[in-house]
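Below: one structure, written as structure tokens.
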Amino acid sequence: MMDSKLYQWHFVAENEASLGFGKYDMVQAEIGEKTICIARFKDQLFAFQSKCPHAGAKMVMGYIDAQGNAVCPLHRFKFSLKNGYNVTGEGYNMRTYPLELRPDGIYVGFRQ
Ligand code: FES
């Protein structure tokens, strides 16, 4: 259980359907001034930074591989959806954000 006091929670969408996933199971969402990426993998949702930590490509243009990694569209570095770890070993970890499914919708937590 994470310490939720560390996070400021923001409403993202009423439900998964309203996120509008397409064929690649990734969408962008605007939360205030911030743009994040949300991915769906095996019925679970994950949130992470919208720009690749390597050279800033839009992660939403990439895809999710069979192991549950976000694959950058530009140089194909791969990042774990769970913790942002750069599993292909280039050393650029991706920032991830916790998501909470609450009765009134989906929330994302940003560190205070
Ligand atoms: S910009 Fe994403 S791997 Fe280079």
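Residue 9 is where the sequence shown starts when you use the working numbering, and the numbers rise one by one after that. C-beta atoms are modelled at their ideal positions from N, C-alpha and C, and glycine is treated no differently. Small disclaimer: the values here were computed from a predicted structure and weren't measured.
Exercise. Based on Cα-Cα distance, which residue from Lys50, Ile114, Val20 and Ala65 lies nearest to Ile72?
Worked result: Taking the first residue of the sequence shown as position 1, residue 72 is located at position 64. Comparing Cα positions, the closest option is Lys50.
Problem set entry | Endpoints, the beta strand (DSSP E) within which Ser88 is located | Position 80 of the sequence shown, counting from 1, holds the residue named residue 88. Secondary structure note for Ser88: its beta strand (DSSP E) is the uninterrupted segment Lys86 to Ser88.
Exercise. Roughly how many whole angstroms lie between the Cα atoms of Val79 and Phe87?
Worked result: Against the sequence shown, residue 79 aligns to sequence position 71. Against the sequence shown, residue 87 aligns to sequence position 79. Annotation: Val79 to Phe87 spans about 7 Å, alpha carbon to alpha carbon.
Exercise. Taking the Cβ atom as the reference point for each residue, do Thr104 and Phe56 lie within a distance shorter than 8 Å?
Worked result: Here residue 104 is taken as the residue at index 96 of the sequence shown, counted from 1. Here residue 56 is taken as the residue at index 48 of the sequence shown, counted from 1. Yes, they are a contact pair.
Exercise. Applying the criterion that 16 or more other CB atoms from any shown protein chain within 10 Å of the CB defines a buried residue, is Ala47 buried or exposed?
Worked result: On the sequence shown, position 39 is the one that residue 47 refers to. By the Cβ-count criterion, Ala47 is buried, with 16 or more other Cβ atoms from all chains shown falling within 10 Å of its own Cβ.
Exercise. Can you find a heavy atom of the ligand FES that lies under 7 Å from the Cβ of His45?
Worked result: By one-based count along the sequence shown, residue 45 stands at place 37. What sits at residue 45 in the sequence shown is Cys, not His. For the ligand FES, not one heavy atom lies less than 7 Å from the Cβ of Cys45.
Exercise. Are the Cβ atoms of Leu53 and Gln120 separated by less than 8 Å?
Worked result: As a first step, residue 53 must be located in the sequence shown, where it is residue number 45. As a first step, residue 120 must be located in the sequence shown, where it is residue number 112. Against a cut-off of 8 Å, the Cβ pair of Gln120 and Leu53 comes out as no contact.
Problem set entry | C-beta contact flag for Tyr100 and Asn91 at 8 Å | Translated into the one-based positions of the sequence shown, residue 100 becomes position 92. Translated into the one-based positions of the sequence shown, residue 91 becomes position 83. Not closer than 8 Å, so no.
Exercise. Any chance the CB of Leu82 is under 7 Å from a heavy atom of the ligand FES?
Worked result: To locate residue 82, count along the sequence shown from 1; it is residue 74. Answer for Leu82: yes, Cβ within range of the ligand FES.
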